Structure formats: structure tokens, C-alpha cells
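Participant: This is the structure, below, for whatever I ask next.
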Amino acid sequence: MSWLQKLLPPKIKRDAGGPKKVVPEGLWSKCESCEAVLYRTDLEKNLFVCPKCSHHNRISARERLDYTLDLEGRYEIGAEVVAVDSLKFKDSRRYAERLEEARKETEEEDALVVMQG
Numbered sequence: 117m118s119w120l121q122k123l124l125p126p127k128i129k130r131d132a133g134g135p136k137k138v139v140p141e142g143l144w145s146k147c148e149s150c151e152a153v154l155y156r157t158d159l160e161k162n163l164f165v166c167p168k169c170s171h172h173n174r175i176s177a178r179e180r181l182d183y184t185l186d187l188e189g190r191y192e193i194g195a196e197v198v199a200v201d202s203l204k205f206k207d208s209r210r211y212a213e214r215l216e217e218a219r220k221e222t223e224e225e226d227a228l229v230v231m232q233g
């Protein structure tokens, strides 16, 4: 053993046979501005504003309405209206395909959510 290795602290040995700790998905978030790693529940309590740099992180329209309106007495306006391709628009892909993809991605029927409450 060299004199340099004697000066360095011993490495922490991990038990190779022990179970590996699993961290659930979505527990931590990264700020889009300062790239600080933030605990998701703390970020939600702060209404998705970074406590380090005050950057307003992106949230969905429905989440914003949940923070803005009370749960009692609110209702969605125009939820029964469904977007259709009445012009049969086609670009590189059909408009109906784009609508379906956006519905799957956002889990919303339309790009606009209107509520009263």
C-alpha cells in the first residue's frame, strides 16, 4: 500500500447482495431555469414556482384551474364540444391524426378548458 492510499479515507463498500433501493418516478423535478433538483411535493405546495430562482414552471390548464377555483360550485363549460376536421385539412399528416395524437398526449379533448366557479 502506498503512502497516498494510507492518507485517503477508505471507500464505503456497498453490500452487493443487498436489495437496491427503488426511487419512484415523479418524486423529484428539475427546474427548467436554474436546473435545481426539487422535491415534487414542495414544488406543488409552492404552486410550481421554483423556491431557488422564482421561475414559474409549466403546468397544464386543468392544474391551473384546480389552483385558481374552489372545488365546490365549479363546472366545465363546453365539455361536450368535440373538435372535428370539417375542412378535411391535410398537410404532411391528416388533421384528424394530429387531433388524436394531441388527445393522447394531453389527456384532454380540446386545447381549451373553460370553467365557471
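The sequence shown maps to residues 117 to 233 in the working numbering. From the three backbone atoms N, C-alpha and C, an ideal C-beta is built for every residue, glycine too. A quick note: this is a predicted structure, and the numbers were derived from the prediction, not measured.
Using a Cβ-Cβ cut-off of 6 Å (strictly less than) and excluding sequence neighbours within five positions of V230, which residues of its own chain qualify?
Facilitator: Start at 1 with the first residue of the sequence shown, and residue 230 comes out as number 114. So the list reads I193 and G194, once near-sequence residues are dropped.
Participant: Straight-line CA distance for C166 to K146?
Facilitator: Start at 1 with the first residue of the sequence shown, and residue 166 comes out as number 50. Start at 1 with the first residue of the sequence shown, and residue 146 comes out as number 30. Going from the Cα of C166 to the Cα of K146 covers about 9 Å.
Participant: If I'm right that E225 touches V200 with Cβ under 8 Å, what's the distance once you round it to whole angstroms?
Facilitator: Translated into positions along the sequence shown, residue 225 becomes position 109. Translated into positions along the sequence shown, residue 200 becomes position 84. Wrong, their Cβ atoms sit about 11 Å apart, outside the cutoff.
Participant: Mapping DSSP to helix, strand and coil, what is K122?
Facilitator: Here residue 122 corresponds to residue number 6 of the sequence shown, with the count starting at 1. K122 falls in the helix class under three-state DSSP.
Participant: Going straight from the alpha carbon of S149 to that of H171, what length do you get?
Facilitator: Start at 1 with the first residue of the sequence shown, and residue 149 comes out as number 33. Start at 1 with the first residue of the sequence shown, and residue 171 comes out as number 55. Going from the Cα of S149 to the Cα of H171 covers about 6 Å.
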